[in-house]
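Engineer: Quick note on numbering: the sequence shown equals residues 895 to 1131 in this note's numbering.
Positions of the beta carbon are idealized from the N, C-alpha and C atoms, including for glycine.
Structure provided below as structure tokens; questions to follow.
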Amino acid sequence: MINQIGLLIARIAEEESEKKKAEIRALRYQINPHFLYNTLNSIRWLAKLGRTNDVDNAVTSLVQLLEGSLERNGVFVRLGEELDLLQKYMIIQEFRYDNRIELRIDCPDHLLNVPIPRMLLQPIVENAIFHGIAPKDEDGVIDIRVEETEREQIRIAIRDDGVGIAPSRMEQLLSTDGERGSRGMTNIGLRHVHQTVQLYYGEQCGISVASEQGRGTQVTITLTKLKGDHHVQSAAG
């Protein structure tokens, strides 16, 4: 009887772990079509304007991004590699807009090797461009600051100087109730990141959003230095 109970507990734990992994995969597949659609739309505008050299450079950057998004070496990637992919993503977006969008990154060298879930930062930067900076129709800046806290957590703050978010929308951003809103893709991107971080690192981690209309928005991701799949593996234990 004791052996049977032990086997049952082990099977439940394994099933729970597989369920969480499936949820993470579903979240990743939910955001990827959104990212690809907006990127291809940017390249389409370049082609319409006859900017053939820019189209070539944009397609090259897109290929590199797609290669980076593939999980050939697992779900996790070094933070330094993730930041390099963001630079390639910004090349595409700078082609899209006549106004200059500057990406500033401040990350200590010793944190560049910290593993994080692949393509975790791109949805937030994408939201900062499309819903923050683009609507103000002038130059914009996105600042990314990475730091280690006293609790050995990693905090990644992504701040833009865009139009900001209305207070009435702030409560909906991380809630599943916001899915059917007219700007639901913003919600999907933020929820994707929040839920992915929590599935890997636990409920003590995730994202927070602070915004002031007319002055910009800051999204802060909190995770641990440990590779987060240890939490998925032991979630049911």
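1. Are the beta-carbon atoms of Arg-1049 and Gly-1110 separated by less than 8 Å?
2. Could you check which residue in Glu-1046, Arg-945 and Met-984 has the C-alpha nearest to that of Gln-958?
3. Check whether the segment 968-984 touches the segment 1005-1023, counting contact only when three or more Cβ pairs, one atom from each stretch, lie closer than 8 Å.
4. Sort Arg-994, Arg-1045, Gln-1107 and Phe-989 by Cα distance to Ser-936 and report the nearest one.
5. Just checking my contact of Gly-869 with Thr-1116 at CB under 8 Å: how many whole Å lie between their CB atoms?
6. Could you check the C-alpha separation between Asp-1033 and Ala-952 for me, to the nearest Å?
7. For a quick check, are the C-beta atoms of Val-1087 and Ile-1018 less than 8 Å apart?
8. For Met-1013, decide whether its Cβ has a neighbour in chain C, counting only Cβ atoms nearer than 8 Å.
9. Just reading off the alpha helix (DSSP H) that Val-1019 is part of, what are its end residues?
10. For Val-971, tell me which candidate among Asp-1000, Arg-998, Leu-980 and Val-1008 has the shortest Cα-Cα distance.
11. Look up Leu-959 in the DSSP assignment and say whether it is helix, strand or coil.
12. Using a Cβ-Cβ cut-off of 6 Å (strictly less than) and excluding sequence neighbours within five positions of Leu-902, which residues of its own chain qualify?
13. In chain order, which continuous runs of the beta strand (DSSP E) of length 3 or greater are located wholly inside the segment 1017-1059?
14. Less than 8 Å between the C-beta atoms of Gln-1112 and Ala-1051, yes or no?
15. Identify the residues that DSSP records as bridge partners of Thr-1114: which are they?
16. Between Val-1040 and Lys-913, what straight-line distance do the alpha-carbon atoms span, to the nearest angstrom?
17. Assign Glu-1073 to buried or exposed, taking buried as 16 or more other Cβ atoms, counted over all protein chains shown, within 10 Å of its Cβ.
18. Determine the closest residue to Leu-1120 out of Gly-1108, Gly-944 and Val-1091, with distance taken between C-alpha atoms.
19. Which class does Val-969 belong to by DSSP, given the choice of helix, strand or coil?
20. For Gln-987, which residues of its own chain have a beta-carbon under 8 Å away from its beta-carbon, when the five flanking residues on both sides are left out?
21. Residues in its own chain within less than 8 Å of Arg-1134 by CB, not counting five upstream and five downstream?
22. Could you give the distance in angstroms between the alpha-carbon of Arg-998 and the alpha-carbon of Asn-947?
23. Give the secondary structure of Arg-938 by DSSP, where H, G and I count as helix, E and B as strand, and everything else as coil.
Structural biologist: Per the coordinate set shown:
1. As a first step, residue 1049 must be located in the sequence shown, where it is residue number 155. As a first step, residue 1110 must be located in the sequence shown, where it is residue number 216. Not closer than 8 Å, so no.
2. Translated into the one-based positions of the sequence shown, residue 958 becomes position 64. The option with the nearest alpha carbon to Gln-958 is Met-984.
3. yes
4. Against the sequence shown, residue 936 aligns to sequence position 42. Taking only the C-alpha atoms, the option nearest Ser-936 is Phe-989.
5. With the chain covering 895 to 1131 only, the question about residue 869 has no answer from this structure.
6. Residue numbering aside, residue 1033 sits at position 139 when the sequence shown is read from its first letter. Residue numbering aside, residue 952 sits at position 58 when the sequence shown is read from its first letter. So the two alpha carbons sit approximately 20 Å from each other.
7. Working through the sequence shown from its first residue, we reach residue 1087 at position 193. Working through the sequence shown from its first residue, we reach residue 1018 at position 124. Yes, Cβ-Cβ distance for Val-1087 and Ile-1018 is below 8 Å.
8. Of the chains in the structure shown, none is chain C; there is only one protein chain.
9. The residue you call residue 1019 lines up with position 125 of the sequence shown. Here the alpha helix (DSSP H) through Val-1019 covers 1016-1021.
10. Sequence index remark: in the sequence shown, residue 971 carries index 77 (1-based). Looking at the Cα atoms, Val-1008 is the closest of the given residues.
11. For the purposes of this step, residue 959 is identified with residue 65 of the sequence shown, where counting begins at 1. Here Leu-959 sits in helix by DSSP.
12. As a first step, residue 902 must be located in the sequence shown, where it is residue number 8. Cβ neighbours of Leu-902 beyond the five flanking positions: none.
13. 1034-1042 and 1047-1054
14. Position 218 of the sequence shown, counted from the first residue, corresponds to residue 1112. Position 157 of the sequence shown, counted from the first residue, corresponds to residue 1051. A contact, by the Cβ cut-off of 8 Å.
15. Stepping through the sequence shown from its first residue, residue 1114 is reached at position 220. Per DSSP, Ala-1051 and Ser-1102.
16. Within the sequence shown, numbered from 1, the residue matching residue 1040 stands at position 146. Within the sequence shown, numbered from 1, the residue matching residue 913 stands at position 19. Using only the alpha carbons, I get a separation of about 31 Å.
17. Mapped onto the sequence shown, residue 1073 falls at position 179. Bear in mind that a pLDDT of 46 at Glu-1073, under 50, signals an unreliable position, so the number given afterwards is only what the model happens to contain. Glu-1073 should be labelled exposed.
18. Looking up residue 1120 in the sequence shown gives position 226. Of the listed residues, the one whose Cα sits closest to Leu-1120 is Val-1091.
19. Along the sequence shown, one-based indexing puts residue 969 at 75. Three-state DSSP puts Val-969 in coil, outside helix and strand.
20. Locating residue 987 in the sequence shown gives position 93, counting from the first residue. Take Gln-987, set aside five residues on each side of it, and the residues of its chain with a beta-carbon closer than 8 Å to its own are Ser-936, Ile-995 and Ile-1023, in chain order.
21. Residue 1134 cannot be examined here, being either before or after the span of the chain that is shown, 895 to 1131.
22. Position 104 of the sequence shown, counting from 1, holds the residue named residue 998. Position 53 of the sequence shown, counting from 1, holds the residue named residue 947. Cα to Cα, Arg-998 sits roughly 25 Å from Asn-947.
23. Residue numbering aside, residue 938 sits at position 44 when the sequence shown is read from its first letter. In the three-state scheme derived from DSSP, where H, G and I count as helix and E and B as strand, Arg-938 is classed as helix.
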